[in-house]
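The opening position of the sequence shown corresponds to residue 1273 in the numbering used here, with each subsequent residue numbered one higher.
Where a beta carbon is used, it is the ideal one built from N, C-alpha and C, also for glycine.
Every value quoted in this text rests on a predicted model; they were computed, and no experiment measured them.
Worksheet for the structure shown next.
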Amino acid sequence: MMGEPIAGSPFTAKAYDARMARLSPCDQAIVGKPCTFAIDAARAGAGNMEIIVSVDNRNVPNFVQAEGQAKFKVSFTPQEAKEHVISVRFNGVSVPGKNSRYSVLVCSQR
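In structure tokens:
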């Protein structure tokens, strides 16, 4: 068996690096008005993105718009003047460093 070709070879594998995904968050949000932030996963490789916006450990609906070339705009509309947390995972791996989890202070009016 050694030295024998393996059926179906050669094989290809897709590599990814969650550290290469970048999040550009919104700094401030206003209750009742959409808050938009950007994610750039172009250099992260092939994979799936999981985006969670939460307040008091409750998920807040968010809407993702693909902009092409693995770039996305994400928006959510806060309903409470409380801290909202944005967390991003790429292929099940938290996007590391300060880019992975942001707190957004929500104002009741502007």
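Figure out for me which residue from the options has the closest Cα to the Cα of residue i.
i: GLN1300; options: ALA1285, PRO1350, ARG1315, GLY1280; result: PRO1350
i: GLY1317; options: MET1292, GLY1304, GLU1339; result: MET1292
i: PHE1309; options: VAL1303, ASN1331, ARG1315, LEU1295; result: LEU1295
i: VAL1303; options: GLU1276, ALA1342, VAL1327; result: VAL1327
i: ILE1366; options: SER1281, ASP1289, CYS1379; result: Residue identity check: residue 1366 is Ser in the sequence provided, not Ile. Looking at the Cα atoms, ASP1289 is the closest of the given residues.
Whole angstroms is fine: what's the gap from residue i's alpha carbon to residue j's?
i: PRO1306; j: ALA1287; result: 34 Å
i: VAL1336; j: PHE1344; result: 7 Å
i: PRO1333; j: ALA1353; result: 16 Å
i: MET1269; j: GLY1340; result: Any property of residue 1269 remains undetermined from this structure, which presents the chain solely from 1273 to 1382.
i: ILE1278; j: ALA1285; result: 16 Å
i: VAL1325; j: VAL1360; result: 9 Å
i: HIS1356; j: SER1347; result: 13 Å
i: ILE1311; j: ILE1358; result: 11 Å
i: MET1274; j: ALA1314; result: 40 Å
i: CYS1379; j: ALA1342; result: 31 Å
Taking all protein chains shown into account, do 16 or more other C-beta atoms lie within 10 angstroms of the C-beta of residue i, making it buried, or fewer, making it exposed?
i: GLY1364; result: exposed
i: PRO1297; result: buried
i: GLY1383; result: Examination of residue 1383 is not possible in this model, given that the chain is present from 1273 through 1382 alone.
i: PHE1283; result: exposed
Going by DSSP, which residues form a beta bridge with residue i?
i: CYS1379; result: ILE1302
i: ARG1294; result: ASP1312
**Report entry** Any beta strand (DSSP E) of 3 or more consecutive residues that is wholly inside the stretch 1310-1372
**Finding:** 1321-1327, 1330-1332, 1334-1340, 1343-1348, 1356-1362
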